[in-house]
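Note that my numbering has the sequence shown beginning at 86, numbered continuously upward. Report on one structure; see the data block that follows.
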Amino acid sequence: MKDGGEQGSNESKMTKIQKVPLMLRTLKNKDKYDPLVVSIGPYHHGNPKLELIQNLKDPIAKKLVEVKYGKQMDVVRTEFVKKACNAREFYAVGSTKEFDDGAFMNMMFLDGCFVLHFIDCVANEKLKDMEMKLHYIVFKDEDTHRLCDDGGKEGIEGRSEKPPHLLELLWEKTLGTFPSSNALSNGSWSSYRSVEELIAVGIEFKRSNTHRLCDVGYRPKRFGRELSLPAIAIDDSTERKFLNLIAYETCPDGPEDYGVTSYICFMDSLIDNAKDVKELRLRGILHNSLGSDEQVADLFNQLSDNLVLDPHAYSGVKNNIENHYQSRVGTRASNPGIWGSIPSLNTFDTLEARSKYFWGQGNSN
């Protein structure tokens with residue numbers, strides 16, 4: 086939610102750490118928004134399922150502060166409270182009211198120490214110069230490490246502004262920036278085509294040079310056409326990651342576009358069944374660590390439920406595909422599909438309506 090009033094334009098545009106909209110949490114995958122091992126921050130604090138790790142935060146903080154840094158716990162905690170006194174402002178209004186100031190700052194301190202200790206255990210020497218800066222931390226697990234290395238080696242240092250929280254950083258690194266060649270064109274996309282259908286009319290699939298979801302391209306070849314898609318790994322964490330990124334895009338102060346949402350809709354339109362997944366897997370576009378190809382097809386189909394496509398996304402690619410398809414089959418399809426006929430740019434208004442509807446339902450942890 087955006088602050089208003091007398092605090093100035095910079096603070097008024099502050100991105101909050103929001104709760105997941107209630108409507109999203111009533112779906113069958115609602116548990117995908119909950120932490121499995123440890124809570125960081127107020128929204129899941131006190132969950133009895135996470136008590137085991139919660140009880141380790143005090144000794145972990147003491148080990149980090151006193152053993153690793155040679156500081157006195159009380160001194161560091163006092164300095165932290167002074168510098169992080171405005172931490173509540175980064176959360177949705179009213180979402181932290183159950184914590185008094187002492188309890189809230191103690192939670193922030195212990196959680197911050199836990200995050201630092203976790204990353205120190207993973208990266209070790211790479212973080213020796215970070216010391217006790219608790220502004221934000223990048224979790225470089227196998228997936229995000231690869232994303233940060235793809236076409237974005239400047240990393241955090243190359244940004245003019247710090248991301249407000251980890252989820253936005255993950256969103257930026259996952260999505261990337263849509264090139265101008267994908268801008269909305271005058272054509273219209275009349276129906277969706279599966280991978281098998283497109284291969285049948287001479288469109289070959291190729292792995293893009295990066296893992297960024299925006300890295301989708303289309304180009305003519307001497308014989309046929311080529312559609313390039315980013316390579317992504319599908320495993321047990323994929324559903325949870327995409328669901329949380331989609332939820333982030335519905336935030337009232339979230340990203341200005343729905344890039345991840347549009348990517349999921351785009352992939353769902355290409356994937357009808359396991360055969361389509363197999364074709365993409367054989368070309369190195371999908372790396373299936375989830376199980377069967379049918380499971381991957383079901384995953385994209387389920388992720389796209391209740392989503393609305395941004396008609397601007399991939400529009401140049403989609404129109405080129407459709408034009409080539411129609412030139413090969415020699416007829417115009419009269420039955421609109423997932424991408425449907427786009428009567429006007431006002432279709433995009435449904436995205437904002439959806440976001441307002443979600444957030445009007447109330448919030449849940």
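Idealized CB from N, CA, C, for every residue including glycine.
- Query: What is the residue span of the beta strand (DSSP E) that Phe290 lies within?
  - Reply: For the purposes of this step, residue 290 is taken as residue 205 along the sequence shown, with counting starting at 1. Ile288 to Arg292 is the span of the beta strand (DSSP E), which, as asked, contains Phe290.
- Task: Give me the Cα-Cα distance between Gly131 and Met190, rounded to the nearest whole angstrom.
- Result: The residue given as residue 131 occupies position 46 in the sequence shown. The residue given as residue 190 occupies position 105 in the sequence shown. Spanning the two alpha carbons is a distance of roughly 15 Å.
- Query: Glu311 by DSSP, collapsed to three states: which one?
  - Reply: Here the question's residue 311 lines up with position 226 in the sequence shown. DSSP places Glu311 in the strand class (E or B) of the three-state scheme.
- By DSSP, does His230 sit in helix, in strand, or in coil? Indexing the sequence shown from 1 puts residue 230 at position 145. A caution first: His230 carries a pLDDT of 43, below 50, which makes its placement in the model unreliable, though a value can still be read off. In the three-state reduction of the DSSP assignment, His230 falls in the helix class, which pools H, G and I.
- Does the Cβ of Tyr154 have 16 or more other Cβ atoms within 10 Å, making it buried, or fewer, making it exposed? One-based indexing of the sequence shown puts residue 154 at position 69. Residue environment: Tyr154 is assigned as exposed (fewer than 16 neighbouring CB atoms within 10 Å of its CB, all protein chains considered).
- Message: Quick check: the Cα distance between Leu394 and Arg278, rounded to an integer number of angstroms?
- Response: If you number the sequence shown from 1, residue 394 lands on position 309. If you number the sequence shown from 1, residue 278 lands on position 193. A straight-line Cα-Cα distance of about 16 Å links Leu394 and Arg278.
- Chain-order list of residues whose beta-carbon lies under 6 Å from that of Ile288 (same chain, five-residue window excluded): Locating residue 288 in the sequence shown gives position 203, where the first residue counts as 1. So the qualifying residues of the chain are Arg310 and Leu312.
- Item | Straight-line gap, Pro127 to Leu251 (C-alpha atoms, nearest Å) | Here residue 127 is taken as the residue at index 42 of the sequence shown, counted from 1. Here residue 251 is taken as the residue at index 166 of the sequence shown, counted from 1. Roughly 15 Å separates the two Cα atoms.
- Query: Skipping 5 residues on each side, what residues in its chain have a beta carbon closer than 7 Å to that of Glu334?
  - Reply: As a position in the sequence shown, residue 334 is number 249, starting the count at 1. Pro340, Tyr343, Val345 and Thr346, listed in sequence order.
- For Arg366 versus Asn358, is the C-beta distance shorter than 7 Å? Stepping through the sequence shown from its first residue, residue 366 is reached at position 281. Stepping through the sequence shown from its first residue, residue 358 is reached at position 273. It is not a contact, given that the beta carbons lie outside the stated cut-off.
- With DSSP as the reference, label Pro305 as helix, strand or coil. As a first step, residue 305 is located in the sequence shown; it is residue number 220 there, counting from the start. Look at Pro305 here: in three-state DSSP terms it is strand.
- With a Cβ-Cβ cutoff of 7 Å, do Cys350 and Leu392 count as a contact? Locating residue 350 in the sequence shown gives position 265, counting from the first residue. Locating residue 392 in the sequence shown gives position 307, counting from the first residue. In this structure, Cys350 places its C-beta atom within 7 Å of the C-beta atom of Leu392.
- Top-ranked residue by Cα proximity to Glu282, from Lys134, Lys360 and Phe203: As a position in the sequence shown, residue 282 is number 197, starting the count at 1. Its Cα nearest to that of Glu282, the residue Lys360 stands out among Lys134, Lys360 and Phe203.
- Task: Can you grab the Cα-Cα spacing for the pair Phe201 / Val152, in whole Å?
- Result: By 1-based counting over the sequence shown, the position of residue 201 is 116. By 1-based counting over the sequence shown, the position of residue 152 is 67. Note that residue 201 is Leu in the sequence shown here, rather than Phe. Cα to Cα, the separation comes out at about 14 Å.
- Message: On the DSSP bridge list, what partners appear for Ile102?
- Response: In the sequence shown, the residue the question calls residue 102 occupies position 17. Answer is Tyr176, bridged to Ile102.
- Would a C-beta distance cut-off of 7 Å place Val286 and Tyr410 closer than the cut-off? Taking the sequence shown and counting its residues from 1, the one referred to as residue 286 is at position 201. Taking the sequence shown and counting its residues from 1, the one referred to as residue 410 is at position 325. Yes. Within cutoff.
- Query: Which residue comes first and which comes last in the beta strand (DSSP E) that contains His409?
  - Reply: In the sequence shown, counting from the first residue as 1, residue 409 sits at position 324. Under the DSSP assignment, His409 falls outside any beta strand (DSSP E), being part of the alpha helix (DSSP H) whose first and last residues are Ser400 to Val414.
- Item | Rounded straight-line distance, which links the Cα of Asn408 to that of His220 | Stepping through the sequence shown from its first residue, residue 220 is reached at position 135. Stepping through the sequence shown from its first residue, residue 408 is reached at position 323. With a pLDDT of 36 at His220, under the threshold of 50, the modelled position of this residue cannot be trusted; read the value that follows with caution. Rounded to the nearest angstrom, the two C-alpha atoms are 49 Å apart.
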